[in-house]
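The numbering of the sequence shown is numbering that gives the first Met the number 0, which starts it at 0 and goes up by one.
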Amino acid sequence: MPAGGPAAAATRAAAAAYLASFASGDPAQVAAHVSDDFENVHTSALGLPSRGKAAYQQRLADFLTTFAGLAYEVVDIIVEDDRAAAAYTMRAEVEGSNIEIQGVMRLTVQDGLITKRVDYFDSLTYLQQTGQS
């Protein structure tokens with residue numbers, strides 16, 4: 000059993016499954032990993048926060064269309080009880096430009112679902128890779 004016991008193992012599994020679900024391109028499949036009262040927080044100036052599973056799933060449709068072929072490659076996941084910090088490399092195609100952005104998500108998990116996500120990535124890197132800066 001990984002350090003932290005069963006709770007940490009469940010948190011790690013929920014975080015990994017959530018990040019992997021983006022590759023499906025299906026908003027319902029991604030949203031299946033979050034709670035009804037899900038809080039989606041972005042530290043990036045370009046990110047748009049949302050609250051609630053329904054609002055999140057509605058935004059996901061446009062997000063997944065804009066970021067074609069989106070995939071998060073997990074670099075590392077650090078877990079403590081119901082919290083995880085997942086370092087990632089995000090790859091997608093945006094309006095003909097291939098992007099690759101490193102970031103970190105802090106995730107809180109309860110009953111196997113993500114209740115809060117705080118995403119950190121560099122907006123300038125995104126703008127540069129899409130030719131907007």
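Think of the CB as a built atom: it goes at the ideal place given N, C-alpha and C, for glycine as much as any other residue.
Kindly indicate the opening and closing residues of the beta strand (DSSP E) around residue i.
i      : result
Gln101 : 96-109
Leu112 : 112-120
Pick helix, strand or coil for residue i, following the three-state DSSP scheme.
i      : result
Thr129 : coil
Asp80  : coil
Ala31  : coil
Gly46  : coil
Asp75  : strand
Phe21  : helix
Run the CB neighbour count on residue i, radius 10 Å, all protein chains shown included, and call it buried at 16 or more, exposed below.
i      : result
Ala54  : exposed
Thr107 : buried
Leu47  : exposed
Considering only C-alpha positions, which residue in the set the options is nearest to residue i?
i      : options                    : result
Val29  : Ala7, Arg50, Ala12, Leu59  : Leu59
Ser34  : Ile113, Phe120, Gln127     : Ile113
Leu126 : Asp61, Ala86, Asp36, Glu94 : Glu94
Phe120 : Thr88, Ala14, Val73        : Thr88
Check whether the stretch 20-29 touches the stretch 92-109, counting contact only when three or more Cβ pairs, one atom from each stretch, lie closer than 8 angstroms.
-> no
Stretch-stretch touch, CB-based, cutoff 8 angstroms, three pairs: the stretch 40-51 with the stretch 115-124 = yes
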